[in-house]
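Heads up: the structure comes next, in structure tokens.
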Amino acid sequence: MLEEAVLEISFDINTIDHLGVKLYSTIPPMIAELVANAWDADAKNVDVLLRDDGSKSIVVRDDGHGMNFDELNNSFLKIGRNRREETNVSHTPGGRAVLGKKGLGKLSVFGIGKIVTVTTIKNGLKNQFRMKYEDMKHTQGGKYNPEILFYNEISSEHSGTEIKLEDIRRSSNFDECKIVDSLSQRFTLYSGDFKVNVKRNDNESILVENDAFLEMNHQFKWKFPEDFTCDEIGSVLYSFAVDKNISGTIYTSQTPLRLDKRGVVLFSRGKLVQERSSFHDRGNDNFFQYMAGIISVDFIDQDKKLDFISTDRKSVAWDSENNQDLMSIQAVLKQIIKVSQRKWREKRSLVRREEIERAGIDLNGWLSELTSYEKPLAEKLGKAIVENDKIEHEEATSYLGHIKDMFSFQSFKTFAAQLDELEVLGEAKAIKLLTDWQLIEAKEMAKIAEGRLKTIDQFEKYIDQNASETKVMQKFLEDFPWLLDPKMTTFEREVTYTKWLKENFPDDDLPESNRRIDFLCSNSAGTIHIIELKRPGIKLTFKEIHQAASYLEFLKKHCPDTVTAIHAFLISNRVEMDSATESMAESFRKDGKVFIKSYDELLSQARGYHKEFIKKYDELKGSQNV
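Residue numbering for the sequence shown is 932 to 1557, as defined by this note's numbering.
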């Protein structure tokens, strides 16, 4: 019987080269074609097995209905067969929408492997054959007879098909994670009834899921058509989209997406037909760094004869003739994205305002305190920061704090009144005024810096004198907290939290009787600062670091929601430590728990920071010939 069995494939070697070898030069799209075949075979499970720990191979195995010998000859090995047109069937026996249409997917394997073995079982009969690319190249007359290994062999195995690729064209090892990621973006079909697992060598298998990052990392999302109105899209386009059953979701991420995750992808019948695109003339807008989406356009692949999808299924042939529907799709997509962009800016602005308020900046309260001539410009500046989607929350909070500080200068108030009289901010006069303000602001900051440098000099004298940490150094730092951190401006003693520590850490329980934390302060932003001072010249030990960390953890656990952060500072002029202490201190530093600084560091940091203001003023003054 085996001797009588013949399989035959008719082809042009150029077809194999152009539609197989050259078209599918990377592994993921080739595997995707085999996964699509498994779907059409009503498979519930597909295993992709990659081996590169010896001789390299790729196996794609499914538990679909398999093929008998005649089906192999008349269907599988027939190149260019339009299954849907030939059979007039658009759905599988299991009710799935048929993906295959071009009849070219089986050629994809030759882009990756030169030897292909197909094993298939149907109705208890097993058939197996092998095709070799090098033999096909030298076949005369465009006909090739694959080597039959099994012909209608009785088998007790379940139905299904396995395709094995050997003599792999690439020398590098397989990257299963990239393959999984690519497959996740090529189909929306994955479910409990259709599972695809990828396994490399003896590693754990990885389940392919529907582009999971969109759900996991999204900040906002809008479904079409549910979250869009007819007026937003336009009545004609909206009706077209509803009639054609166009649907999907636009997502925006909390943080900028990777380049390969940005843009909208189109699917038809659950399979990718258009790779990621902005579908917008302004695709470089900041919004597109955060936006991704999945849109279903099933109708473009439902015509049995017309084909608007490229052979490699990477894009729709938008410039096809008789493409009025395609033009309408593009117009719908542009409107969906445009409306999503507006909705994103509005929602992002609201979230930012909430974040700013939680950071301790009451923008509306501050605006209400300004005079009638100060308020308009303050509102403009505040709105420009809050609604600027290129600025992250923390940065926006910092900018708004700076704007508030600017309005505390009388010179800026005068400047602001002058600026607000201008009808158009872009006028030459406005630009000059803005330049002038740079000098005004720098001058004011330089004045402050000069005064602070004198304070730093006095602090240095106390250090040199080995002044008492409780009687002198503590009071000095309370009055001038910017010595600890230039961003700190005011402190309030925290009696409440100090009382908590005394109640929960009695003196008797402390390692040493004088190891009570020196003082606790808070600032207007809701940050608590635990400050422990050592007299200059006294060495820090393991005990002080551990105790400060214990205080910090206690406060973190018991402080109310109004406290946004807790920091602990240990200050000494001798911070050399043994290896164990240094290791713990380094761990605390990395976790942001305890900051250990020397008095010399405080002096150097403070001087450097404030000298920059003076330097900037001198530079601006010189450039403007003041």
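All residues carry an ideal CB built from backbone N, CA and C; glycine is no exception.
This structure is a prediction, so every number in the text was calculated from the model and none was measured.
Whole-Å CB distance - residue i paired with residue j, under 8 Å assumed
i, j, result
"I1043", "L1096", "6 Å"
"K1053", "S1090", "5 Å"
"L980", "K1130", "6 Å"
"K1074", "E939", "6 Å"
"V1247", "V1204", "6 Å"
"G1565", "A969", "This structure cannot speak to residue 1565, because the chain is shown only from 932 to 1557."
"E1093", "T1023", "19 Å between Cβ atoms; not a contact."
"L1267", "F1155", "Leu is not the amino acid found at residue 1267; the sequence shown has Ile there. About 6 Å separates the two Cβ atoms, so the contact holds."
"V1270", "I1164", "7 Å"
"I1598", "G1179", "There is simply no residue 1598 to check, as the chain begins at 932 and stops at 1557 in what is shown."
Simplified DSSP assignment, three categories, for residue i
i, result
"E1078", "strand"
"F1125", "strand"
"L1414", "helix"
"S1178", "strand"
"A1223", "strand"
"V1173", "helix"
"D993", "strand"
"R1520", "helix"
"T1183", "strand"
"L1008", "coil"
"V977", "strand"
"I1476", "helix"
"S1514", "helix"
"G1044", "strand"
"R1193", "coil"
"R1207", "strand"
"K1465", "coil"
"K1155", "Note that residue 1155 is Phe in the sequence shown, not Lys. Strand, per DSSP."
"K1528", "strand"
"S1199", "strand"
"F1500", "strand"
"S1329", "helix"
"S1444", "In this predicted model, S1444 has a pLDDT of only 38, less than 50, meaning its place in the structure is not dependable enough to derive any value."
"G1357", "Since pLDDT at G1357 reaches only 41, below the 50 mark, its modelled position is unreliable, and the value read off the structure follows with that caveat. DSSP places G1357 in coil when its eight states are reduced to three."
"T1050", "strand"
Cβ shell of residue i (< 8 Å), same chain only, five flanking positions each side left out
i, result
"R894", "As shown, the chain starts at 932 and ends at 1557. That puts residue 894 outside it, with no answer to give."
"I1362", "Bear in mind that the predicted position of I1362 carries a pLDDT of just 48, short of 50, making it unreliable; the figure below should be weighed with that in mind. There are no such residues."
"K1487", "I1497"
Beta-carbon spacing of residue i, residue j below 7 Å
i, j, result
"V977", "V990", "no"
"P1467", "I1394", "yes"
"D983", "K1045", "no"
"L1120", "G1201", "yes"
"V1195", "F1210", "yes"
"K1078", "R1061", "Rather than Lys, the amino acid found at residue 1078 in this sequence is Glu. Yes. Within cutoff."
"L1312", "I1334", "yes"
"I1387", "R1189", "no"
"E1532", "L1464", "no"
"W1612", "I1181", "A query on residue 1612 cannot be resolved here, the shown segment of the chain reaching from 932 to 1557 and no further."
"D973", "G1055", "no"
"A1511", "I1476", "no"
"K975", "D1124", "yes"
"L1483", "S1503", "no"
Same chain only: Cβ atoms within 7 Å of residue i, ignoring 5 sequence neighbours per side
i, result
"V937", "N1076"
"F1151", "T1183, W1275 and K1278"
"A963", "L1114 and R1117"
"A1398", "M1404"
Chain-order list of residues whose beta-carbon lies under 6 Å from that of residue i (same chain, five-residue window excluded)
i, result
"F1526", "F1500"
"E1391", "L1534"
"C1108", "none"
"K1175", "F1230"
"K1542", "none"
"Y1169", "C1161"
"L1257", "W1249"
"I1177", "V1228"
"Q1059", "T1050, L1080 and F1081"
"Q1220", "P1187"
"M1067", "Y1075"
"E1513", "none"
Contact test: residue i Cβ vs the ligand ADP heavy atom, cutoff 6 Å
i, result
"W1153", "The ligand ADP is absent from the structure shown, which contains no ligand whatsoever."
>> I'd like the ranges of any alpha helix (DSSP H) spanning at least 4 consecutive residues and lying wholly in the segment 1244-1326.
In response: 1255-1289, 1294-1300 and 1306-1317
>> Threshold first: 4 residues or longer. Then list the alpha helix (DSSP H) segments lying entirely within the segment 1052-1121, N to C.
In response: 1064-1068 and 1107-1115
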